[in-house]
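Worksheet: the structure to be examined is printed underneath.
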Amino acid sequence: MRYRRLLFLAVLLMITAVIAAACSSQPVEVTRVITETVEVPAEPVEVTRIVEVEAEAQPKFPEGTEVKILQWSHFVPQYDVWFDPFAEEWGRANGVNVTVDHVNIADLAPSLSAAIDAGEGPTLVELPLAAANFVEGVHDLSDVVMRAQELYGPMAETCVANSYLPAIDKWYGYCHGWVPDPGDYDIRLWTEAGFPEGPDTWDDLLEGGAFIKENFGVPMGLGLSPEIDSNMAMRAIIWSFGGSIQDENECVTINSPEVVSAVEYLVELYNRTMTEEVFSWNAASNNQGLIAGELSYILNSISAYRSLQKIDPEAADNIGFVDALKGPNGEQHASAHLWYIYVIPNYVEGPELEAAKEFLLHLTANYNQAVFNSELYNFPAFESTVPQLEGWLANDPFGSRPPDKLQILLTAKDWVTYLGWPGPSNPAVAEVYATNIIPTMMGKAALGELTPEEAVAEAEAQINEIFAKWREKGLVGCNE
Amino acid sequence: MAVVEVKGLKKHFGNVKAVNGVDLSIQKGELLVILGPSGCGKTTLMRMIAGLERPTAGDILIGDQVVTHLPPRARKIAMVFQSYALYPHMSIFDNIAFPLKARREPKDAIRQKVEWASSILGIQHLLDRKPRQLSGGERQRVALARALVKEPDVMLLDEPLSNLDAKLRASARDELQRFQRQLGITTIFVTHDQIEAMGLGDRIAVMYAGQVRQIGTPQEIYHEPADTFVATFLGSPPMNLFERNDCLVGFRPENFLPPGVLQPEDKVTAFPFHVGRVEYLGSDRLIYGTIEGAAEQNKTISKLPSTITVDIEPDKVYEFVVQAKDLKFFDKNTGKRIEPQPLD
Amino acid sequence: MQKSAAEETAVYRATTHSKTQFLFDNERFLGTIFLAPAVIYIIALVGIPFIMAITFSVTDVTVGDTSLDFVGLQNFRRIIQTPQFQRALKDTFLFTIVAQIFVAILANILAVILAQEFRGKWIARMLIMLPWATPISLGTIGWLWIFDSKFSPIDWILQYFGLLGTPDAIFGASKHLNFLGREELAMASVILVHIWRMLPLAAVILLAGLTSIDSDLIDQAQVDGASFWRIHFQIRLPLIFPIMSIALLFGLIFTFSDMVVAFVLTRGGPVYYTQVLPLWAWFKGIDGGSLSEGAAIALFLFPLLLVVAILMLRVARRSEVR
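Those protein sequences? They're chains A, B and C, same order as listed. For the first sequence, this note's numbering begins at 64 and goes up steadily by one. For the second sequence, this note's numbering begins at 30 and goes up steadily by one. For the third sequence, this note's numbering begins at 602 and goes up steadily by one.
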């Protein structure tokens, strides 16, 4: 009897577990969603539209045209609150049935991959980066890009690199925006260290960071782990030291004295300013560090700062922003935090395809709303669509003290780069990113497992292999 | 000399008083049978002696040592369960050797003792087999051999014959007794089968409702039952009982005879016996009926051996007699045996 | 009068009413009906994905290009060269084996304790099952917070007792242990979560095994003079060995094929010290776009798992008793 009850319990729990596991089989980045939550400001600012949508008497598209949009839940919730009605309203005006689904940012690539394999699914899928992997499975959007450039001038280079693949001359995506990744520093600590305006060069960072760690026990936080922030931070060092993973022609250039010197610098930076914490860096680390006041400098989008403003305004006042740090030769590059790249899978046809393209242009026309509702998190692919940006950054409508604290972001367009810089974000670059080869290279050197030269050589071997593979498929240039 | 002594032993499971004050004393070399219906507490009593249950109150002594709170392995006992409890994953050799290994005896000694025990029980040829390859009778011998190798002070047997079929049971009983006498091993044997008990026991302790109702030789138990429970539990058919003069009068069916069978000088009491039905069982005849004039409607049985050929027919009243010495008297309320009373 | 066999059959036929009336008395028909869901399930959710994985692993398919061009074993050759793969292979084995050894030991202890009678036993049993009933990703996120570099409660406790964060503390002068930032601690953390996850199932399976052992055998062993440990190792364990090997087999396969624990806790870090094959397959195949190489990595362990499964099932069958 007891045996049967026990067995029953076991079976019941197993069933529960299976169901629960099925519901959560996708790995989730819950921390990110939780920590990047930002509230809506109390008083919205009047936004003027640059291009008014013409109200047409006749719907443009045949009845029953549907556009299904799949994108991530924005880190600033207000963005979604604005976006969904915005898209649906456009649909009503044009006789298109628009639905918007939001999923976790990490689920987009797997979903798209499955949709392409199945030959059906959403019309528009928004990817944060590395969209070039899907180049063969999605439509060429050159007509939309050309039309947008006609209307609004040239697309930002960082966006072009994330939506155009030169090897096959294809606009596989439409990048409507990007997110700058400035340096955030603790004003009080850096003033003590003699840098009231924050560090300006990587040397300043080393000097001031070491001083702060020695005297105040507060380490610096540049991630050195297999995740996005670390990938971006490590690349920033490489680029500012004059190195790169590939060149403009998509030839691998990782094994250079510049890259080795960047690795050597990182080793010193790690030893003098950081703790092992950077090896367990995750999406929440920036926020935790800022809120706990336990990091003297981080590289991050403004979302961590925005949440700190709500939690602890005093602490937020102590945060300052600096532009990308300069290398030994004054070079200054840092990647965007992420991009907004819409792709349209090949299975989308006819009026649905046309409607989707039309919607992309409509979004671009109203991009000032997007930027405002993301609390200045999104930056536009076409500068001319948001003439108010300069004013907003000079006088933050979301309560920065001093109000011009974010003004430094105006310079972002000059130093912002992208995965693959100075070449395009091709599929090989995406795979190098996804497999965390650069943080691994840096980490091995920092822990002394390999010398900087060995670490670079090992990374080069892997990168060459990846590039060769995609080159064979004709998707990456630099054919010898 | 008492090998096992039980003093005021009690075991209560919540409100259930499984064993409720038992005193026993078992002599060296004796085979004591604990007899009782199922649920009478006999198995609990044995498990307490083995150390598998902790008594609620009372003491157990084995070989003059108080073992009440000692674990089984600190008691010099062996036990054979009704299921034989052979370890299914071990060979017969390992099964028999297990108690010796547990005692960490040297290998040679183990081999010697296993061979000795298995030869006594005639199972040498089975030593390499697994329990599942053995018949019921063979398993029983293995279990006995395993009990034997320990050379225990006392061996506890819990209905070891009940899993055997009827034919095998008789010969196993015989064998068991012979072997117990031969080795002189003190044994406590638990059973609910009175034939087994009568046939095997040097003494029998009859248990009912957690108490020992009577303890004595099979003859004592049978002929001089201490109370109505013992009187009716033993014997087949059981003792006839009816009320007369504010006490219970009882006699065994085989002592309830037609007149003329007994010698004239025997002192007898006569009862008018209204015969209801006659059953021929070959060696015996069972006559069912009622005694007329008894206080209540009663059922009385007479058991006549086939050597008595008197004609008995249903629906007639006969004068049946019982010898005075065969009449037993019991208190009407307590059921306890009392002195003979005059019957008018 | 005697009827011929043919006549008898004819009479029998005449008495059957219709073909479908006794359909549900037909064992073959019923068998097919009852088996069908299982067969469909296996084909659709196990068979097809498995065949797809094999196909992918010998082609050059990517997330964007689903056309299948045969490339032989090129994917396998490519993947085994990388240090990440080699580390992942090593770690997958290490994590699985170490975790299962602990699970086997702890599950035995737990099952023996839970088999005893004590107050509140049912609550204890329910609580112990919780990790298994919790979705693995949620459970692991809980552990992620426990191991957090700044807010780890373990750090707080150690600091409170002066074992951490003072110049001469046992665990060092640093305020934090950085569980997921140090090679050994991160590996131990991943293993710990795997143990935490698999322990309940193993314990309950063992408990069921223990409860099903004839209590006479244990009593008999006690009377035979065996100590607790002798009874456990010579009677209980051999008797529950078949069911225990099933529990361990489950654990092995679950742990071998799990990517969530490492994904949530460390994403393979620090550096690549907790990389495991399923996670590496995910990074390569889904995030990196090389579906074919991801499939090759995922399939790499298949032959080995197959052998393990067959071995364990065999052992279980052979040691079946009664």
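Backbone N, C-alpha and C fix where the C-beta goes; we use that ideal spot for every residue, glycine too. This structure is a prediction, so every number in the text was calculated from the model and none was measured.
- DSSP places B:G50 in the strand class (E or B) of the three-state scheme.
- Within chain C, the residues whose beta carbon sits less than 8 angstroms from that of B:S112 are D815 and D817, listed in sequence order.
- Membership of B:I233 in the beta strand (DSSP E) is indicated by the continuous run R232 to Y237.
- Residue pairing by DSSP places B:H303 opposite B:T319 and B:V346 in a beta bridge.
- Restricting attention to B:E348, B:P266, B:D137 and B:A31, the CA atom closest to the CA of B:V290 is found in B:E348.
- Within the segment 459 to 500 of chain A, complete alpha helix (DSSP H) segments of at least 4 residues are found at 475 to 478 and 490 to 497, given in chain order.
- Ranked by how close their Cα comes to the Cα of A:F445, the residues A:A211, A:I231, A:P262 and A:A347 have A:A211 in first place.
- Annotation: B:I125 has no Cβ neighbours in chain C at a cutoff of 9 angstroms; minimum Cβ distance is about 10 angstroms.
- Between the alpha carbons of B:D222 and C:L840 lies a gap of roughly 33 angstroms.
- Neighbourhood of C:L906 in chain B, by CB distance below 9 angstroms: empty, with the nearest CB roughly 28 angstroms away.
- For A:I361, there is no enclosing alpha helix (DSSP H); the residue is part of the beta strand (DSSP E) that begins and ends at Y360 to L362.
- In the three-state reduction of the DSSP assignment, B:M268 falls in the coil class.
- Spatial neighbours of A:I382 in its own chain (CB-CB distance under 6 angstroms, excluding positions within 5 residues in sequence) are listed in chain order as D247 and Y368.
- The DSSP assignment places complete beta strand (DSSP E) segments of no fewer than 3 residues inside the segment 153 to 187 of chain A at 160 to 166, in order along the chain.
- Nearest C-alpha to B:F42 among B:I55, B:G70 and B:K57: B:G70.
- The DSSP-derived three-state label of A:M505 is helix.
- Considering only C:G870, C:G890 and C:A917, the residue with the shortest C-alpha distance to C:S790 is C:G870.
- A:V198 and A:L228 do touch by the CB rule: their CB atoms are close to 5 angstroms apart, below 8 angstroms.
- The contact set of B:L163 on chain C, defined by CB atoms closer than 8 angstroms, is empty, because the minimum CB distance reaches about 13 angstroms.
- With 16 or more other Cβ atoms from the protein chains shown falling within 10 Å of its own Cβ, C:L800 counts as buried.
- Closest in alpha carbon position to A:E277, among A:L285, A:W253, A:N294 and A:M297, is A:W253.
- Closest in C-alpha terms to A:P289, from the list C:I747, C:Y874 and C:Y642, comes C:Y874.
- A Cβ of chain C is located within less than 8 angstroms of the beta carbon of B:A79.
- Within the segment 91 to 106 of chain B, the residues whose Cβ lies closer than 8 angstroms to any Cβ of chain C are, in chain order, P100, P101, R102 and I106.
- Judged by DSSP secondary structure, A:C222 falls within the alpha helix (DSSP H) whose first and last residues are E220 to V223.
- Pairwise C-beta distances place the segment 501 to 520 of chain A in contact with the segment 322 to 333 of chain A, as three or more of them are shorter than 8 angstroms.
- Taking 8 angstroms as the CB threshold, C:F772 stays off the interface with chain A.
- Not a single unbroken stretch of the beta strand (DSSP E) spanning 3 or more residues falls wholly within the segment 679 to 750 of chain C.
- Think of a sphere of 8 angstroms around the beta carbon of B:R170: no beta carbon from chain C falls inside it, the nearest being about 16 angstroms out.
- Closest option to A:W302, judged by alpha-carbon separation, among A:V495, A:W478, A:I179 and A:N363: A:W478.
- Here A:S370 is not near A:D244, since their CB atoms are 8 angstroms or more apart.
- Per DSSP, the beta-bridge partners of B:T329 are B:G318.
- The alpha helix (DSSP H) runs lying completely inside the segment 243 to 290 of chain A and spanning 4 residues or more are 250 to 255 and 265 to 279, given in chain order.
- Judged by DSSP in its simplified three-state form, B:L186 adopts strand.
- Distance check between B:V32 and each of B:I149, B:S112 and B:M184 places B:M184 closest, using alpha-carbon atoms only.
- In terms of Cβ geometry, A:A497 and A:A256 do not form a close pair [threshold 8 angstroms].
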